[in-house]
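For the sequence shown, UniProt numbering assigns the number 1 to the initial residue and increments by one for each residue that follows. For every residue, glycine included, the Cβ atom is placed at its ideal position computed from N, Cα and C. Here the structure is laid out as structure tokens; the discussion comes afterwards.
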Amino acid sequence: RKSVLVVDCVSETSDHETTYVSPCDGKIWKQYVLLDLEGWKSKHPAPEKTCFIMSKTYRKVGDTTLTPVGQITSTLMLVKENVSTFASASLCERVVQLARESFMSGKTKPLSFREKQLKQFLKMYEENEDEMVLALATDLRKTRDMAVFLNALQDSNSQTRPTSVAELASALVVLSSTAKDGEIEARISSKQESIMTEIDLCKNDLRHILANFKKWAEPEKGLSVAFADQFSELKATICWMGGRTRCPPAQHHTLLHQASKDLVNVLDGVMINHDPYGVVLVIGTWNYPYLITLEPVAGAISAGNTVIIKPSEVAPATAALMAKLIPKYLDPRPFHTSTGTALSHTPLHHTLERARFRLAAHLSTQQPGVTQTTCYVVLLGGVKETTQLLKERFDYIFYTGSTNVGKIIHKAANEYLVPTTLELGGKSPVYLDSTVDMDVAVRRILWGKCANAGQTCVAPDYLLCSKQVQSEFVAKAKTILREWYGKNVKGSPDLGRIVSDQHYKRLVEFLSNGTVAVGGETDATERFIGPTVLVNVKPSDPVMQEEIFGPILPILVVEDMFEAVKIINSRSPREHPLALYIFSKDKSVQNLFTTQTTSGSVTINDTLLQLCVHELPFGGVGQSGMGAYHGKHSFDTFTHNKSVFVKDYNVIGEKLAASRYPPYSEKKLSFITFMMKKRRSLSLKYLPHAIFFALGIAATFAGKAIAKAAGYNNNEAVE
């Protein structure tokens, strides 16, 4: 059973590291997850330095004291205030410098190294799933959180909520001793959404990258190099058929999609190398902290970059867990600059802590002849630390978050002309007509809206439909939501909570727009808002002026699909949605929205599932973002396509290009124009195969001719 340890003895051992001493047994606990519980403390006064820790392995000792049994395997929450702050400018500079030294050493470029890191990345998810789910519960209150736990207390033997630390501990002891086996677990634990919408998606993306990234990394070769590959394979085959044990390996390269060249460079070699950019900064956000932060990191690793990872400070538990796991699983070893060999594993980091947020950097002192290669670093902090980090010079910046902050990121990147991917947001509309299976359509729309309490960048933002369809939708929504969450919606273990008081207050104000047709339940103490459908909403209402990012779905009534398209396109220039959802069986309706609107993606007859297809790029357009990722698109995002042109000194090639040299003349100009002119012709990329096919036919006829000349007769051989 889960229990709570009350820690009210806190001692600081140094400026950069804080330890927590348990009054139960005097043991020292380190590296706990920091979480802001100011709301809890304001309602439940406690000593200034009181901390809460929830963990798996505790048992009751005495009446109100709990002490650990064995080693802590996962930490849910910890609070500590009044920890001294520190300057981070030199730290950020040092971290970026070490990451650049790591990249310049060439360590991250070999495919074998990348493969090892990606496998370790996958192993990290597989071995720490429970701890990752607990961190999500702490930050986003996804089904396992203090509020639900307290509800379980209240529904059991406690008539009122605990009002002090001592009462909380006592209540938990009572609950642990009276509840039936599995009862508490069933009521406070439902991790399906966390795994389904984050962890599994991250694991599957890694599996997809591991299966394909070596092919993606191959240089794209032009036609003349393709000839070389064919002859290389022929040479290796002849060597093997000759009985030799050591033969040169055949070479294989990816052909350019358009391998044809003009006559002037038909004999030259052309290729495209996929080079890593260098030091990449990935800035994540809080609503899907693993998926949004770490999936781009996987793409950057597969491309051969070093990565600085900046998780969101709004989700401190998951951020701190990343800071703990990344250096544990990904390569943190020092690299010897003179020998090029990895040294034995040594600690490369210490943790710097501040109030509520920790800035974790993996550093150590320099050793003679050794560069501390910090290939993958997690930096934790708030706005101040991020601002300082953006002053450093990166080779690529990948940001996910709000449009306003995206503009700040882009402006900072412009200082050094750093290429940037911005994954932002926007109001993602849904069009619904009467041709669909209404029960299925409503389920799919509501699921997309209720996942993560509506805090999803591609969640359905508003619904466009006719008056008749609106009535059907509202009736179905009431039935389905009751089926999913029961009569007590707030008590459902499958509904999350709003991430902060600020976001909660903003969403509650939207409930006054139009009329609440479904839902509308709120609870400020838990930051709870139930799934809500609004009708009688006008396009000018505040709920229609910004991305909702919560479980509220306004409905705009339209006459037909053309009015719906007009509304979508009437928003400010370049305010294109990140996603557009069309629910219709009519192909003409689907085609109208697909061709006459602009959006990051279009999904027909479902929501959110476009994120599960690794071959589809995910990204916005206009105000909803720039650039894309997922699968190969992640690899492409973090690579520079470097053109390589190879010309040798053969006489024919020099003659063909000699007209470029002075003195110039009309004759030379006419010749060079003729040679460089692009002509419509069949692609030459299959020419090597055609040549070898022709050679095979010629060899067959030549063999027959030789046999005939030697007096060999097929008919006689048969007899």
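Fill in: Straight-line gap, Leu140 to Ser466 (C-alpha atoms, nearest Å)
35 Å
Fill in: Cβ neighbour criterion (16 or more within 10 Å) applied to Met196
exposed
Worksheet entry | Whole-angstrom C-beta distance between Lys310 and Thr421, which should lie under 8 Å | At roughly 14 Å, the Cβ-Cβ gap does not stay under 8 Å, so Thr421 and Lys310 are not in contact.
Discussion item. Measuring straight from C-alpha to C-alpha, what distance separates Tyr277 and Val297?
Written reply: 13 Å
Item to complete: Find out if the Cβ-Cβ distance for the pair Met132, Ser194 is shorter than 9 Å.
Response: Yes, Cβ-Cβ distance for Met132 and Ser194 is below 9 Å.
Discussion item. Using DSSP's beta-bridge definition, name the partner residues of Met438.
Written reply: Bridge partners of Met438: none, in fact.
Item to complete: Would you kindly report the start and end of the unbroken beta strand (DSSP E) that includes Pro429?
Response: Residues Pro429 to Leu432.
Worksheet item: Mind checking Ser634: buried by the 16 CB within 10 Å criterion, or exposed?
Response: buried
Worksheet item: Can you give the beta carbon distance from Cys375 to Ala99, rounded, assuming they're within the 8 Å contact cut?
Response: That pair is a contact at about 7 Å.
Item to complete: Mark Gly369 as exposed unless 16 or more other C-beta atoms lie within 10 angstroms of its C-beta, in which case mark it buried.
Response: Unreliable positioning characterises Gly369 in this predicted model, as indicated by a pLDDT of 34, which lies under 50. The coordinate reading is nonetheless provided below. Its Cβ having fewer than 16 others within 10 Å, Gly369 is exposed.
Item to complete: Let me know the secondary structure DSSP gives Ser164 once reduced to three states.
Response: Reliability fails at Ser164, whose pLDDT of 39 lies under 50, so the model's placement of it is uncertain and the value that follows must be treated cautiously. Ser164: coil per DSSP, three-state reduction.
Discussion item. With a threshold of 6 Å on Cβ separation, who are the neighbours of Gln596 within its own chain once the five nearest residues in sequence on each side are excluded?
Written reply: Closer than 6 Å at the Cβ level, and outside the excluded window around Gln596, lie Val565.
Worksheet item: Beta-carbon separation of Leu553 and Ile445 under 9 Å?
Response: yes
Worksheet item: In this structure, what does DSSP give as the bridge partners for Tyr396?
Response: Val280
Worksheet item: Buried or exposed: which applies to Arg114, given that a residue is buried once 16 or more other Cβ atoms fall within 10 Å of its Cβ?
Response: buried
Discussion item. Going by beta-carbon coordinates alone, are Ile548 and Tyr462 separated by less than 9 Å?
Written reply: yes
Worksheet entry | For Glu615, the three-state DSSP class (helix, strand or coil) | coil
Worksheet item: Which first and last residues belong to the alpha helix (DSSP H) in which His410 is found?
Response: Thr403 to Asn414
Worksheet item: Which value, in whole angstroms, describes the spacing of the CA atoms of Asn204 and Ala699?
Response: Computed Cα separation, rounded: 49 Å.
Worksheet item: Is it buried or exposed for Lys411, if we count other Cβ within 10 angstroms and need 16 for buried?
Response: It counts as exposed.
Worksheet item: For Thr515, which option in Asp541, Gly426 and Lys647 has the closest C-alpha, if you only look at C-alpha atoms?
Response: Selected option, being the one with the closest Cα: Asp541.
Worksheet item: Nearest to Met104 by CA position, among Asp275, Gly269 and Ala694, is which residue?
Response: Asp275
Worksheet item: From Ile209 to Glu559, what distance separates their C-alpha atoms?
Response: 46 Å
Discussion item. In the DSSP output, which residue or residues are listed as bridge partners for Glu101?
Written reply: Partner(s): none; Glu101 has no beta bridge.
Practice prompt. With DSSP as the reference, please indicate the residues paired to Ser643 in a beta bridge.
Written response: Ile272
Discussion item. On a Cα-Cα basis, can you pick out the residue from Thr403, Ile397, Gly406 and Pro429 that is closest to Tyr416?
Written reply: Ile397
Practice prompt. Kindly say whether Ser601, judged by its beta-carbon, lies nearer than 9 Å to any beta-carbon of chain E.
Written response: Of the protein chains in this structure there is only one, and it is not chain E.
Worksheet item: At what residues does the alpha helix (DSSP H) containing Phe583 begin and finish?
Response: Looking at the DSSP string, Phe583 is not in any alpha helix (DSSP H); the run it does join, the beta strand (DSSP E), is Leu580 to Phe583.
Item to complete: With Lys310 as the anchor, note down where its beta strand (DSSP E) starts and where it stops.
Response: Looking at the DSSP string, the run of the beta strand (DSSP E) that includes Lys310 is Thr306 to Lys310.
Worksheet item: Hey, Ile529 and Ala453: beta-carbon distance below 9 Å or not?
Response: Ile529 is a Cβ neighbour of Ala453, given a cutoff of 9 Å.
Worksheet item: Which word fits Pro493, buried or exposed, when buried means at least 16 other C-beta atoms lie within 10 angstroms of its C-beta?
Response: buried
Practice prompt. Kindly indicate which three-state DSSP category Asp25 falls into: helix, strand or coil?
Written response: Only weak support is given to the placement of Asp25: the predicted model assigns it a pLDDT of 35, under 50, and the value that follows is read from those uncertain coordinates. DSSP, reduced to helix, strand and coil, places Asp25 outside both helices and strands of the structure shown, so it counts as coil.
Discussion item. What does DSSP give as the partner residue(s) for Tyr664 in the beta ladder?
Written reply: In the DSSP output, where bridge partners are listed per residue, Tyr664 has none listed.
Discussion item. I'd like the list of long-range same chain contacts for Val537, defined as Cβ closer than 7 Å, with 5 residues on each side in sequence excluded.
Written reply: Asn513, Gly514, Val543, Met544, Pro554, Ile555 and Leu556
Worksheet item: Which word fits Val383, buried or exposed, when buried means at least 16 other C-beta atoms lie within 10 angstroms of its C-beta?
Response: exposed
Fill in: residue 726 versus Ser659: straight-line alpha-carbon distance, rounded
This structure cannot speak to residue 726, because the chain is shown only from 1 to 719.
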